[in-house]
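Trainee: This is the structure I have questions about; it appears just below.
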Amino acid sequence: MINTDVVIIGGGSVGLTAALALAKNDFKVTVIDQASGVQPLEQPQSRVSAISLASQQVLTQLDAWQHMDLSRCLAYDTMHVWEKESFADITFDANDLNAQQSVGHLGHIIENHNIRNGLLKAAQQQDNITLLLETGVTSIHNDDEQVLLTLNNGQPVIAKLCIAADGANSWVKQQLRIPTTFSDYDHHAIVANIKTTEPHGQCARQVFLPNGPLALLPMYHSSSKTASVTPNREPGSICSIVWSTEPQHAEQLMAMSDSDFNKALTAASDSVLGPLELTTDRIKFPLTMRYAQTWLEQRVLFMGDAAHTIHPLAGLGMNLGLMDAASIVDCIDLTDLQNPAKLQKGLRHFERWRKAEAQTYIVAMAGLKNLFDGNHPIKKLIRGVGLKLTDKAGPIKRRITEQAVGMQGELPTLAKPVDPLR
């Protein structure tokens, strides 16, 4: 039998971040995940995340950033957004941030495997974290005092608190019959890596097309051994693409030969990086908004994609999950496990706080998607004028930039910059 303070089901980036945050606050933590350990990073991976400054701070504070392969983390300093066949155009720059917040970049584009590897290596160095990898859970019993799990090897696990961070199709959520709100975005996403003719210049790009947005996310050069902060302006840069489009169009794009897809992609991107060429297979998946109506069920707490999923329009999903994980230690401490009333109060505070953040982003993503849907001339005019005015309005543009890099809103302590004088 395993007896632990907190058991976390799901050893992805969110679950491991929560484990490290709790372990550094003296909790004894057990992490259960069906996946294996550190994954070798050979060829570039097409599943990437745009990690905000706030998320970078969390990963650094938890000693995970230092364990990542920083030669495969690309710092981007500008973000260019435009609408095809329109004058709607805006560029965000690291210089838009105020002097206290500016670190010379807006964020990093990082392969998801690289993030998890760094977190796993950090977790392996924590004596009070037990990693049960390649392990599943077959049953869960939850009451007001504890959670009892049975592993697929028959071993029982008892914990005072269970965190469900097991992804969008959460097994825990299904077992506990947590009511969940679904909304079909009526979009599928196609992801892949591409080679560009022109250098990406450390700029993240997103173009709004009639059928949905196309993101071109800059990655390290395939032959680069440089650190993440070194500019990468070589020809033949590598980018990750996320093309969100209507299901029928997505099927057409997936059915194309590589050559035809390359031509369609180059045309869709207005050739801003010259002719584009696939370097990986294409992956397609449907986009659905999910929102668990309750994030706390007795002694089980939900976070990350198990609690919410949003449109990848602004690349916020991973960051929202990492903020969930970092927030838990602002809401409970080790002594709360012996005080049920105090523990419930802290967990309810977590639920209210993080639900409010998720709702804000869900509404914002829906509004942004609806704003750029359709080709009505008046709607296009509003988009064009709105983006142009925002581009010229310093304070408004700065606030949007701060929101994009995760420096707006109620940040968890782990995400706040550390005062070097303290």
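One point on numbering: in the working numbering, the residue at position 114 of the sequence shown is 115, and numbering is uninterrupted. Glycine included, each C-beta is placed from N, C-alpha and C at the ideal position. Only a predicted model underlies this, so the values are computations on that prediction, with no experimental measurement involved.
#1: Rounded to whole angstroms, how far is the Cβ of Val32 from the Cβ of Ile130, which I believe are closer than 8 angstroms?
#2: Among Glu86, Met80 and Ile242, which residue has its Cα nearest to the Cα of Phe93?
#3: Rounded to the nearest angstrom, what separates Ala365 and Asp282 at their Cα positions?
#4: Return helix, strand or coil for His250, following the three-state DSSP convention.
#5: Rounded to the nearest angstrom, what separates Asp27 and Thr336 at their Cα positions?
#6: Between which two residues does the beta strand (DSSP E) holding Leu217 run?
#7: My guess is that Val49 and Leu210 are in contact by the Cβ rule of under 8 angstroms, so how many angstroms apart are they, rounded?
#8: Is it the case that the Cβ atoms of Ala193 and Ser241 are separated by a distance below 9 angstroms?
#9: What residues in its chain sit with their C-beta under 7 angstroms from that of His350, if we drop five residues either side in the sequence?
#10: Assign Ile191 to one of two classes, buried (16 or more other C-beta atoms within 10 Å of its C-beta) or exposed (fewer than that).
#11: Does Pro180 come within less than 9 angstroms of chain C when only Cβ atoms are used?
#12: Please state whether DSSP places Val39 in a helix, a strand or coil.
#13: I need the DSSP call for Leu317, collapsed to helix, strand or coil.
#14: Can you look up Lys264 in the DSSP assignment and give me helix, strand or coil?
#15: Determine the DSSP secondary structure at Gly322, reduced to helix, strand or coil.
#16: How would you write the range of the beta strand (DSSP E) that Arg291 sits in, first residue to last?
#17: Nearest to Ala160 by CA position, among Leu302, Tyr362 and Leu17, is which residue?
#18: In three-state DSSP terms, what is Leu134?
#19: Are the Cβ atoms of Leu42 and Glu135 separated by less than 9 angstroms?
#20: What three-state label does DSSP hand Glu298 in the structure shown?
#21: If I'm right that Met290 touches Ile239 with Cβ under 8 angstroms, what's the distance once you round it to whole angstroms?
#22: What are the boundary residues of the alpha helix (DSSP H) that includes Trp172?
#23: Can you have a look at Asp259 and say buried or exposed, based on whether 16 or more other CB atoms are within 10 angstroms of its CB?
#24: With respect to the beta strand (DSSP E) encompassing Arg48, which residues constitute its N-terminal and C-terminal limits?
#25: Rounded to whole angstroms, what is the Cα-Cα separation between Thr18 and Asp261?
#26: According to DSSP, is Glu358 helix, strand or coil?
#27: Measuring alpha carbon to alpha carbon, tell me which residue in Leu412, Ala51, Gly38 and Pro45 is nearest Ala216.
#28: Quick check on the DSSP output: the alpha helix (DSSP H) that includes Val158 runs from which residue to which?
#29: From this set, Gln253, Asp34, Thr414 and Leu277, which residue's C-alpha is nearest Lys264's C-alpha?
#30: Less than 7 angstroms between C-beta atoms, sequence neighbours within five positions excluded: which residues of the same chain meet that for Lys346?
#31: Hey, Val243 and Pro313 are a contact pair by Cβ (cut 8 angstroms); roughly how many whole angstroms apart?
Mentor: Put simply:
#1: Correct: roughly 7 angstroms between the Cβ atoms.
#2: Phe93 has its Cα closest to that of Met80, out of Glu86, Met80 and Ile242.
#3: One C-alpha to the other measures close to 31 angstroms.
#4: Here His250 sits in helix by DSSP.
#5: Distance between Asp27 and Thr336, taken at the CA atoms: about 10 angstroms.
#6: Counting along the chain, the beta strand (DSSP E) containing Leu217 begins and ends at Gly213 to Pro219.
#7: About 20 angstroms; that fails the 8 angstroms criterion.
#8: At a Cβ-Cβ threshold of 9 angstroms, Ala193 and Ser241 count as neighbours.
#9: Taken in chain order, the residues that qualify are Cys332.
#10: Taking all protein chains in view, the Cβ of Ile191 is crowded by 16 or more other Cβ atoms within 10 Å, so the residue is classified as buried.
#11: The structure shown contains no chain C; it is built from a single protein chain.
#12: Val39: coil per DSSP, three-state reduction.
#13: In this structure, Leu317 counts as coil in the three-state DSSP scheme.
#14: The answer is helix: DSSP assigns Lys264 an H, G or I state.
#15: Here Gly322 carries a helix assignment [DSSP, helix/strand/coil].
#16: For Arg291, the enclosing beta strand (DSSP E) covers residues Ile284 to Ala293.
#17: When only C-alpha atoms are compared, the closest one is Leu302.
#18: Strand.
#19: Going by C-beta atoms, Leu42 is not nearer than 9 angstroms to Glu135.
#20: Glu298 falls in the strand class under three-state DSSP.
#21: Taking a contact as a CB-CB distance under 8 angstroms, the pair Met290 and Ile239 does not count as one, their CB atoms being some 30 angstroms apart.
#22: Residue range Trp172 to Gln176 is occupied by the alpha helix (DSSP H) that includes Trp172.
#23: Classification of Asp259: exposed, given that the 10 Å Cβ count is below 16.
#24: That residue, Arg48, is in no beta strand (DSSP E); it is neither H nor E in DSSP.
#25: Each residue's Cα considered, the two are about 41 angstroms apart.
#26: Reduced to three states, the DSSP call for Glu358 is helix.
#27: Nearest C-alpha to Ala216: Ala51.
#28: For Val158, no alpha helix (DSSP H) run applies; the uninterrupted beta strand (DSSP E) run containing it begins and ends at Pro157 to Ala165, by DSSP.
#29: For Lys264, the closest C-alpha among the options Gln253, Asp34, Thr414 and Leu277 is that of Leu277.
#30: By the criterion of a C-beta distance shorter than 7 angstroms, Lys346 is surrounded by no residue of its chain, once the five residues flanking it on both sides are discounted.
#31: About 6 angstroms; that satisfies the 8 angstroms criterion.
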